[in-house]
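Here is the structure we will look at, set down as structure tokens.
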Amino acid sequence: GMLKRASSQATAASTLVADSLLPYQKAAAFINLVRASVPISTPLWLCPVAGSAKPQLLAPHGHHRGLMMNVGVYGRVFDNEGYKHLRLLEYATSEAGGRKQLHALNLYTPDEFWGRALGPWHV
Numbered sequence: 182g183m184l185k186r187a188s189s190q191a192t193a194a195s196t197l198v199a200d201s202l203l204p205y206q207k208a209a210a211f212i213n214l215v216r217a218s219v220p221i222s223t224p225l226w227l228c229p230v231a232g233s234a235k236p237q238l239l240a241p242h243g244h245h246r247g248l249m250m251n252v253g254v255y256g257r258v259f260d261n262e263g264y265k266h267l268r269l270l271e272y273a274t275s276e277a278g279g280r281k282q283l284h285a286l287n288l289y290t291p292d293e294f295w296g297r298a299l300g301p302w303h304v
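Right under this line is the structure:
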């Protein structure tokens, strides 16, 4: 109930848990944006990921055939503006032609989710 919602809201304001899969060529600019804009307490997670030869609806790498980079942003944010930073990451991921993994908090509107997050599968 109310206690769980309050706890989730407080946690989301002070922490980030976000994974973005980006085309490899766009990863450096995304990493520079995160480092310049998000006051986070921990290092970034960087992991190369092979794209998929076969499109996959919800797989974050399933819309791109080439090499991708998973950029994980996990940790406390020093300014308690986790929501603002998460929106920035969602927007920047979409603009770079990537996808944000859906396992953590997502602030997409329905139109953003179906249009940006799922891209070519938008109905």
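202 is the number that my numbering gives to position 21 of the sequence shown; each next residue is one higher, with no gaps.
For every residue, glycine included, the Cβ atom is placed at its ideal position computed from N, Cα and C.
Asked	Found
Contact set for cysteine 228: own chain, Cβ-Cβ below 8 Å, skip 5 residues either direction	Met250, Asn251, Gly253
Buried versus exposed call for alanine 273 [16 or more other C-beta atoms within 10 Å across all chains shown]	buried
Rounded C-alpha distance that separates alanine 193 from alanine 234	35 Å
Residue interval of the beta strand (DSSP E) (run including tyrosine 255)	248 to 257
For histidine 266 and leucine 197, believed in contact at Cβ under 8 Å, the rounded distance	6 Å
Contact set for leucine 288: own chain, Cβ-Cβ below 6 Å, skip 5 residues either direction	Leu267, Arg268
Among Gln206, Gly232, Asp200, Asp260, the one whose alpha carbon lies nearest that of serine 218	Asp260
Straight-line Cα distance separating leucine 203 from glycine 278	7 Å
Span separating the alpha-carbon of proline 291 from that of serine 222	31 Å
Beta-carbon spacing of arginine 246, glycine 232 below 8 Å	yes
Local conformation of aspartate 260 per DSSP, three classes	coil
Secondary structure of valine 219, DSSP reduced to three states	coil
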